[in-house]
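Peer 1: What follows is a structure written as structure tokens; I'll ask about it next.
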Amino acid sequence: MTPKPTRPANPRRQPQGKSEPKLHTTTLWHHPTQQYGDKRMGNPAYVGRTPVHVIHNLLARYTREDDLVVDPFCGGGTTLDVAHDLGRKAIGFDVAPSRQDIEKADARDLPLSDGVADFVFMDPPYSTHIKYSGDEACIGELDAFDTRYFEAMAEVFGEVHRILRDRRYLAVYVSDTFKNKKGFVPIGTHFMVMLAELFVPVDHICVVRGNKKLEDARFHKAALEENFYLRGFNHLLIFKKEEGSDPDVRSSGEEGRLKGGKKRRPKR
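Numbered according to the numbering used here, the sequence shown spans residues 17 to 284.
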């Protein structure tokens, strides 16, 4: 069955008044709360959910009303809810869907035609810090200390290149990883290099983490005693696809945009 984008009940954006997040103007972002307005955005109980303010800022800057937003790692569905609130269409995928409007699919093999997405947002697993589905096909089961993790993410980035329209944007929200006795893996730096092979870099944002663990004195004590640093920020990598106009990639109409078609990988 061909996935269809979910739509807001009213496609026009409804102002949220003073509670609406302000657009950031620097490359250092803070997200004071996980919500805004009166609507619930995403699942508050979902472990590792994406900050609502991050998605709101991205969609407000890089998309227009009725644009199609795609999230290959949809998790608790925050991207879908924010997109609807801003009058965008949205499709979310996950290997273990947490709600009915999220389609089951591997981010490395999305059931979408070439060049259909106006914006792609990704908040992929950052190694094995969080217990996900337990499914062997889940990238969250791959340790970032293992090259297979980055090989899998390279496939994801290639798939995103395929589904994204020319001259449109994508963003990746990710953290680095550190484990005692194993060391440090700069996931954000690796992703920046990998993505730059396919897309044009737009900017690199530092998002301060609102993590309760950072308020726990025990973690700070351990960091001092064992001489390591706690993860205090996440990377937000913003890129643009620029390959020139290709009329064969872009189909007209929503029905044509979402029909299955031959998948074309980017040339390397």
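Cβ coordinates follow ideal geometry from the N, Cα and C atoms, glycine included.
Pop quiz: G286 and V190 are said to be a contact at Cβ under 8 angstroms. What is the actual Cβ separation, rounded to whole angstroms?
Peer 2: The structure shown does not extend to residue 286, since the chain is modelled only from 17 to 284, so the question has no answer here.
Peer 1: Less than 6 angstroms between C-beta atoms, sequence neighbours within five positions excluded: which residues of the same chain meet that for V85?
Peer 2: Counting only Cβ-Cβ distances below 6 angstroms, and skipping sequence neighbours, we find A99, R104, A106 and F135.
Peer 1: Which class does P263 belong to by DSSP, given the choice of helix, strand or coil?
Peer 2: Here P263 scores only 39 on pLDDT, less than 50, and its place in the model is too uncertain to base an answer on.
Peer 1: Taking buried to mean at least 16 other C-beta atoms within 10 Å of its own C-beta, is H236 buried or exposed?
Peer 2: With fewer than 16 Cβ atoms within 10 Å of its Cβ, H236 is classed as exposed.
Peer 1: For G91, which three-state DSSP category applies?
Peer 2: G91 falls in the coil class under three-state DSSP.
Peer 1: Between the alpha carbons of C90 and A238, how many angstroms are there, rounded?
Peer 2: Whole-angstrom Cα-Cα distance: 33 angstroms.
Peer 1: Which stretch, first to last residue, makes up the alpha helix (DSSP H) that contains A239?
Peer 2: Residues A233 to E241.
Peer 1: At what residues does the alpha helix (DSSP H) containing M208 begin and finish?
Peer 2: Its alpha helix (DSSP H) spans residues I203 to A212.
Peer 1: Between the beta-carbon of I179 and the beta-carbon of G131, is there less than 8 angstroms?
Peer 2: Yes, Cβ-Cβ distance for I179 and G131 is below 8 angstroms.
Peer 1: Taking V40 and N73 to be in contact with their CB atoms under 8 angstroms, please state how far apart those CB atoms are, rounded to whole angstroms.
Peer 2: Before going on, a small fix: residue 40 reads as His here, not Val. So it is a contact: roughly 6 angstroms between Cβ atoms.
Peer 1: Alpha helix (DSSP H) containing T3: first to last residue?
Peer 2: What the structure shows of the chain is the stretch from 17 to 284, and residue 3 is not part of that stretch, so it cannot be assessed.
Peer 1: If you follow the alpha helix (DSSP H) that A76 is in, where does it begin and where does it stop?
Peer 2: Counting along the chain, the alpha helix (DSSP H) containing A76 begins and ends at V68 to Y78.
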